[in-house]
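Report on one structure; see the data block that follows.
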Amino acid sequence: MDRPNRFLLTNHASVILRERDIPVEWVRRVLTHARLRLPDAEDPDLLHALAPIAEREDRVLRVVYNGATEPWRVVTAYFDRAWRGLL
24 MDRPNRFLLT NHASVILRER DIPVEWVRRV LTHARLRLPD AEDPDLLHAL APIAEREDRV
84 LRVVYNGATE PWRVVTAYFD RAWRGLL
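According to this note's numbering, the residues represented by the sequence shown are 24 to 110, in order.
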């Protein structure tokens with residue numbers, strides 16, 4: 024499945040989004056229209072979706088989620104400085 028029909032935020036993700044002022048809509052946008060998807064280096068069930076966010080000067084938002092579950096479970100999200108200007 025390339026695009027989520029639904030996703031849930033873990034408690035950790037909910038707290039992180041509030042602390043980092045990242046709207047859930049941006050998470051949905053990245054999951055739906057990721058420019059890049061990478062496997063997690065440690066957990067084979069986790070994927071990383073990355074896409075620039077125009078409202079944040081095209082900073083790249085990385086959303087880490089479990090794509091093996093239905094619905095997908097978002098673990099965390101953050102702006103990844105290493106990818107700025109690369110996507």
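All C-beta atoms in this analysis are idealised placements derived from N, C-alpha and C, irrespective of residue type, glycine included. Since the structure is predicted, the reported quantities are computational estimates derived from the model, not experimental observations.
- Comparing alpha carbon positions, the residue from L31, R107, P75 closest to V47 is L31.
- With 16 or more other Cβ atoms from the protein chains shown falling within 10 Å of its own Cβ, A36 counts as buried.
- Residue environment analysis places P67 among the exposed positions, since fewer than 16 neighbouring C-beta atoms fall within 10 angstroms of its C-beta.
- Just so you know, the alpha carbons of V87 and D81 end up roughly 19 Å apart.
- W49 is the residue among N34, T33, W49 whose C-alpha sits nearest the C-alpha of F102.
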